[in-house]
Each structure stands twice: as C-alpha cells, then as structure tokens.
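Undergrad: The structure that follows is given in the form of structure tokens.
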Amino acid sequence: MDGTRVSPTPPHTRPGPRLRSAWWLSGLVAALTVVAATAGLLDDGLYSGPAALVARIRGNDLATLVAGVPLLVVALVAAVRGSSRGSLVWVGMLAYSIYNYAYYVYDPAFNDLFLVHVVIVVLSAAALGLALTDLDVAVRARVAMRWVGGLLLLLAATLAGMYGASLVRQAVSGVPPADVLPLPQAQVHLGMALDLTMVVPTSVLAGVLLWRRSAWGHALGVATCVYVGMYQLNYLVARYFVAQAGVQGVAYAEPLDLLIPALLLAAVLALVVPRREGRPRAVRLPQVPRRVRPAAHEGRTARTPGPKVPDRRRTGRPE
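Take the position in the sequence shown, starting the count at 1, then add 600; the result is the number in my numbering.
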C-alpha cells in the first residue's frame, strides 16, 4: 500500500438541475406559507366552522409560521451549502408541508386561500420528488439506527391499532370514531385518512429499513421523524388554541402529547448529530518475564594475574 491519504468525505460535485429546481420550489413554498399562515392569524373570518375547528386551524397557522417556516428555511440553506444532514431535514419539512396543508386542501369548507393551499401542496410534492432523485443517503449513525427504527414501528403500530379498533367498533355498533378534540366527523375522517395513508406507511418503511441498517432507512428515518415530530408540535399549539377558546373537555396538554415530540426530536438528533469518537483505551498487555543475560565474568574460571612483563617498545632493551 502507498502512503496516499484517502479523504473520508466525497469530493464536492455541482448540484444538478433537478436539485436546483427543488431548492427554488422550496423557496416558493416558504414564501407562500408565510402569506397563508399570516392571513389565517390576522383574518378572524377566514375560516368557518365550529369554534374548536377554527381554533385548531389557527393554532396550525401559528406553529407553522413560528417553527415550521424557520426550520424549512434553515434546512434549505444548509442543503444549498452542501450539508447532507441539512438535506435530510429539508426533505422532512417538505413532507410536513404536504401533510399539514392537506388538511386545508381537503377540508369540505372553502376559504379565500384555497388556491394558495393547493399550490403549497403541489409545489411541496414536486420539490420532494426532485429532491429524492439526488439525495445523499450515506449512513452516519449506525449505532442509533435500530432503536429509532423500533420507535417508528411502535408509532405505526399504535396508530394502526387505535384507528383499527375505532373503525371496527363503528362497523359493529355504529358508533362513529371520535377525536381527542371535539371536531366534526369530516375532520376526524380526514385525520384518520392522512395518518393511515402517510404516517403509518412511511413509519413502517423507515422503521424496517432502519432496523436493517439500510442507507435509505437512515434518510427516510430522519425525514419521517422530522415531519411527524413537527406535526406533533403543531398539534400541541392547536390544542392550546382550542382550550384557550373555551371548548369544554379540552385540556391545554397531556403528558403523552409532550412525550411523543420529545422522543422524535431525540431520534432526529441521534441520526443527524455526528457522534464524537472517544479516546481509545490503553490495553494492558500481560507482563512477560525478561530473560536476564549472565554477566561477562559469570561462568569463567578466575585467573591469577602473572608478573608484569615490561614493554620492550617503551624501554628499548634487547631480550
């Protein structure tokens, strides 16, 4: 082997047209999201429906404006600068934008920003598709992959089991499913549909691939934890708005509501933040007794020194 050092990071390559298009589309998504969320917060008559529904949507707007847009912009800037970890968070925020604004698009009630919400979903989906074609899926957190995969599989199983039990009970007894928040049946149906078609499948896929320590599992795991965790934060703010509106039977927060986003945040950090390599421990080797070499005088017969013979070269005397 020669003495050439190999760089641990791949050489920087110029982004392709699809990736640059995804960046521009994401910028438009961020700008339109600011417009839509700000209008929803400032215009009290924009949304129609029961007080719980209006308060929930306005809570969504606040969480998206305060946390969602800044996180999308920061992740987008990091992705443009070449950060592979930032790219994974960016992809997760695009998925959050699709999931979040699907509630607005598929809401039976129209509002003045319906077309803006549709454009946000379409642009987010287009940017997500373009980003996935040029995504760095290098594995960097093998130690954390399995427990994060188990967490996502547990989340998917919990949602599927909870919704499945409600739907079976409806089929048997005719009692319609209910939400923690007193929302109309159309909203409960929409929430179940989005969770069963988006959250559960992506959580299962990412969880299985993470458990198998796949490179795509790492990428999908980060994206899934980001968008699901972000929407859990969204739900916390929305629940606060509903309780603040005076809706009976709704508390400001529940312990489980705080636990889920905390676990998902820990999962994202475990997959994204680079681990510091510890200092190698010194290994104590077994002590091998040293072989003592005998001294030069040992084992020899002592000799009696004879008479000193004068040096003829010095004295110059004949023998």
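Where a beta carbon is used, it is the ideal one built from N, C-alpha and C, also for glycine.
Since this is a predicted model, take the numbers as computed values, not measurements.
Would DSSP call S773 helix, strand or coil?
TA: helix
Undergrad: State yes or no: is the C-beta of G829 within less than 9 Å of the C-beta of L864?
TA: Contact flag set, yes.
Undergrad: Would you kindly report the start and end of the unbroken alpha helix (DSSP H) that includes Y696?
TA: S684 to V705
Undergrad: Cα separation between P615 and L836?
TA: Spanning the alpha carbons of P615 and L836 requires a straight line of approximately 37 Å.
Undergrad: Tell me which residue opens and which closes the alpha helix (DSSP H) that S814 is part of.
TA: Taken as a continuous stretch (DSSP letters only), S814 belongs to no alpha helix (DSSP H), as it is neither H nor E.
Undergrad: Would you say Y852 reaches chain D, if we count a Cβ-Cβ gap shorter than 9 Å as a contact?
TA: Protein chain content of the structure displayed is limited to a single chain, and chain D is not contained in it.
Undergrad: Could you give the residue range of the alpha helix (DSSP H) that holds D661?
TA: A651 to A663
Undergrad: Identify which residue in D736, S648, V772 and T802 has its Cα closest to the Cα of R685.
TA: D736
Undergrad: Could you say if the segment 701–718 and the segment 643–662 meet the contact criterion of at least three C-beta pairs nearer than 8 Å?
TA: yes
Undergrad: If I'm right that R813 touches M745 with Cβ under 8 Å, what's the distance once you round it to whole angstroms?
TA: Confirmed, about 5 Å.
Undergrad: Which two residues bound the contiguous alpha helix (DSSP H) that contains F714?
TA: Run containing F714: F714 to L732, per the alpha helix (DSSP H) assignment.
Undergrad: With three or more C-beta pairs closer than 8 Å as the rule, is the segment 670–680 touching the segment 849–858?
TA: no
Undergrad: Exposed or buried, what is T633 when buried is set at 16 or more other beta-carbons lying within 10 Å of its beta-carbon?
TA: buried
Undergrad: For the alpha helix (DSSP H) containing G645, list its first residue and its last residue.
TA: Segment: none, G645 is in no alpha helix (DSSP H) and carries neither H nor E.
Undergrad: Work out the CA separation of A853 and H818 for me, nearest whole Å.
TA: Roughly 31 Å separates the two Cα atoms.
Undergrad: In the DSSP assignment, the alpha helix (DSSP H) including A866 goes from what residue to what residue?
TA: P855 to V872
Undergrad: How many angstroms separate the CA atom of A882 from the CA atom of V822?
TA: Its pLDDT being 42, under 50, A882 is placed unreliably by the model, and the measurement read from it follows with that caveat. Distance between the alpha carbons of A882 and V822: 36 Å.
Undergrad: For N834, which of helix, strand or coil comes out of DSSP?
TA: In the three-state reduction of the DSSP assignment, N834 falls in the helix class, which pools H, G and I.
Undergrad: Should the segment 756–770 be called in touch with the segment 787–799, which here means at least 3 C-beta pairs below 8 Å?
TA: yes
Undergrad: Which term fits G640, buried or exposed, when burial requires 16 or more other beta carbons within 10 angstroms of its beta carbon?
TA: buried
Undergrad: To the nearest angstrom, how far is the alpha carbon of S648 from that of A815?
TA: 45 Å
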